[in-house]
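Take any residue in the sequence shown, note its place counting from 1, add 485, and you have its number in my numbering.
Beneath this line is the structure, given in structure tokens, with notes to follow.
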Amino acid sequence: MKSNTDFQQIERFKEDLDRCTKCGFCMASCPVYREERTEGSVARGKIMLVRALLDGEITADEMAEQLDRCTLCLACTENCPAGTRVPSVVAAARADKVRLKGLSFPYRLVYRWLLPRRRMFGYTLRLASWFQGIFLPRTEGTIRHLSFFLSALGKGRHIPQIAPRFLRQTVPEVNKPPAGVAVKYTVGYFTGCMTDFVFPELGEKIVSFLNRNGVAVVVPRGQGCCGAPVFLGAGDFATGRRMADANVKAFKELDYIITDCATCASAMKDYVRFLADTDERKRDYAAYAGRIKDITEFLVDVLKLPPSAYRVAPEYRGKTVTWHEPCHLGRYLGVREQPRQILKSIPDIKYVEMPDAARCCGMAGTFSINFYELSKKIADKKVASIAATGAGIVVTGCPGCELQLIDGTRRHNMPQKVMHIMELFE
Ligand code: SF4
Ligand code: SF4
Numbered sequence: 486m487k488s489n490t491d492f493q494q495i496e497r498f499k500e501d502l503d504r505c506t507k508c509g510f511c512m513a514s515c516p517v518y519r520e521e522r523t524e525g526s527v528a529r530g531k532i533m534l535v536r537a538l539l540d541g542e543i544t545a546d547e548m549a550e551q552l553d554r555c556t557l558c559l560a561c562t563e564n565c566p567a568g569t570r571v572p573s574v575v576a577a578a579r580a581d582k583v584r585l586k587g588l589s590f591p592y593r594l595v596y597r598w599l600l601p602r603r604r605m606f607g608y609t610l611r612l613a614s615w616f617q618g619i620f621l622p623r624t625e626g627t628i629r630h631l632s633f634f635l636s637a638l639g640k641g642r643h644i645p646q647i648a649p650r651f652l653r654q655t656v657p658e659v660n661k662p663p664a665g666v667a668v669k670y671t672v673g674y675f676t677g678c679m680t681d682f683v684f685p686e687l688g689e690k691i692v693s694f695l696n697r698n699g700v701a702v703v704v705p706r707g708q709g710c711c712g713a714p715v716f717l718g719a720g721d722f723a724t725g726r727r728m729a730d731a732n733v734k735a736f737k738e739l740d741y742i743i744t745d746c747a748t749c750a751s752a753m754k755d756y757v758r759f760l761a762d763t764d765e766r767k768r769d770y771a772a773y774a775g776r777i778k779d780i781t782e783f784l785v786d787v788l789k790l791p792p793s794a795y796r797v798a799p800e801y802r803g804k805t806v807t808w809h810e811p812c813h814l815g816r817y818l819g820v821r822e823q824p825r826q827i828l829k830s831i832p833d834i835k836y837v838e839m840p841d842a843a844r845c846c847g848m849a850g851t852f853s854i855n856f857y858e859l860s861k862k863i864a865d866k867k868v869a870s871i872a873a874t875g876a877g878i879v880v881t882g883c884p885g886c887e888l889q890l891i892d893g894t895r896r897h898n899m900p901q902k903v904m905h906i907m908e909l910f911e
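Now the structure itself:
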């Protein structure tokens, strides 16, 4: 294999390329391969494509389509005897392609101009939401359609509407526990785009839950998007670096950074692996990563709350609940037991484990937009698992998965309520 200075990022993860022995153990676990049954869709095939690129046998464009058919779920790595991290190679190859060929106009507009400008992004969504209110029916049962241009991006999928008021407009920057409750910790809350713009009621619940249990919550106004769609999804490392720097600055003084989004948490922990190009950034990104905790991880491992602290909202008491484990929570962050421990300990609900709970739901950000038909087939397997539990409520730990499960259950006319685990509580 030739070494090629055009492919600086791939070279950084070359160890992963070299590790693959072509054994094929990754095939059975790959959600894309299980649907497509083509060599290019599985980890081994993606490694061979990148090798072919380095050897000059194919172009970056020829590689891109197959490489993009990957949910970055990490199931291949989990089942690979050599520990090959294919998602790292995929992200690096995307970055080299962007460095060589640039981003196409719509991606450039959204990722470089809109997403890093939080306020502008919010106003654009608000405008879209306003048009939606005029031109689209406001409700479809409990689900509404996203505004025109985002709906087009989503290929008509069922998505809850953009919230009329964003989280940063409904909660103050500093939220202290009520009088008489001692402050045990002060944490920063990384809200992520989905909770801020689509599910603000989830963020409000989290703030009040933490306050009630002695945690002061700061919601820094300087925070932005975690950058996952930009640097991991689209391969734009330069913009991703600017977004990472802004987030590190916004949370500088806080001991813990909690988040309700597993994708945001794992992307931010990955700043150091993908984006740290100077010693200063290496130090700052590593320190930042060490303070990030998923909300369930914080509640179980740091706060060590007793079961009595988890007061189930009246409307959910007595219900059967199942759990979808997001890939970014289980495989990337290793947070598997904490949400289950919470769910099993609550007397007010009946918890049922879902078959294949850790199987990818097929969301994966832009993957589900670019390959919606494939994404739907992957989701259908998850929907069948949900149906097998007989549960009336599906909870998860990632608002992105939540969207995918809402879409999947509605397409199959299933009655389950889909929500974040923290929405179970008062
Ligand atoms: S399991 Fe690992 S080593 Fe085997 S083919 Fe897949 S990526 Fe390569
Ligand atoms: S990360 Fe997931 S989708 Fe991508 S190759 Fe590995 S198993 Fe398949």
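Even for Gly, the Cβ is constructed at its ideal location relative to N, Cα and C.
- The segment 597 to 606 makes no contact with the segment 524 to 534, as fewer than three CB pairs between them are under 8 Å.
- A Cβ-Cβ distance of about 6 Å is found for the pair threonine 807 and valine 879, placing them in contact under the 8 Å criterion.
- Shortest gap from the CB of proline 792 to any heavy atom of ligand 2: 8 Å or more.
- For the pair arginine 554 and glutamate 858, the Cα-to-Cα distance works out to about 12 Å.
- For histidine 905, the pairing in a beta bridge is given by DSSP as Thr881.
- Proximity to cysteine 746 across Ala849, Thr671, Ala667, Glu542 peaks at Ala849, based on C-alpha coordinates.
- Non-local beta-carbon contacts of lysine 829 in its own chain, meaning distances under 6 Å to residues more than five positions away in sequence, involve Tyr836 in chain order.
- Methionine 728 is positioned such that its CB atom lies closer than 9 Å to that of glycine 712.
- DSSP places alanine 613 within a helical segment (H, G or I) once states are collapsed to three.
- Methionine 839 has its alpha-carbon roughly 40 Å from the corresponding atom of glycine 665.
- For leucine 717, the number of other beta carbons within 10 angstroms of its own is at least 16, and it is reported as buried.
- If you check the CB distance, isoleucine 863 and glycine 847 come in under 9 Å.
- In the DSSP assignment, asparagine 660 forms a beta bridge with Val702.
- CA-CA distance, proline 662 to cysteine 511, rounds to 48 Å.
- Counting C-beta pairs closer than 8 Å gives three or more between the segment 567 to 575 and the segment 502 to 516, which meets the contact rule.
- By DSSP's assignment, tyrosine 670 forms a beta bridge with Val700.
- Annotation for aspartate 779: no alpha helix (DSSP H) segment contains it, though the beta strand (DSSP E) segment containing it runs 777 to 779.
- Taking a 10 Å sphere around the C-beta of glutamate 765, we find fewer than 16 other C-beta atoms and assign the residue as exposed.
- In the DSSP assignment, valine 571 falls within the alpha helix (DSSP H) that extends over 571 to 586.
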